[in-house]
Amino acid sequence: MEPNGILELIEQYGLPLILLLGAIYALYRFLVFSLYEVKNDFGKRHEVNAKAMAELKESMAEIKSDIKLLVEFVRRSNVSI
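In terms of numbering that gives the first Met the number 0, the sequence shown has 3 at position 4, counting the first letter as 1, and numbering is strictly consecutive.
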């Protein structure tokens, strides 16, 4: 936009309206940027949490297997006594 055009808008509508429009545009840009950042951050965090959950499930399966072996050992020990 030309500098003369901006001055004409200020004369025609007044400085408060021009400042209000500028503030609304800045707020819009900030919200769009924030939404994209939150989306990207949430996606990364979700991937990390999904990986951690998979590792946790694997560890729990190993623990469950170890507990079954331990219970079987105790049962065999008690039977022979």
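Note that beta-carbon positions come from the ideal geometry of N, C-alpha and C, so glycine has one too.
- If the five residues before and after R74 are omitted, its C-beta is found closer than 7 angstroms to no C-beta atom of its own chain.
- With respect to the 9 angstroms criterion, L8 and I17 are classified as neighbours on the basis of their beta carbons.
- If you look at G21, you'll find it in the alpha helix (DSSP H) that goes 14-78.
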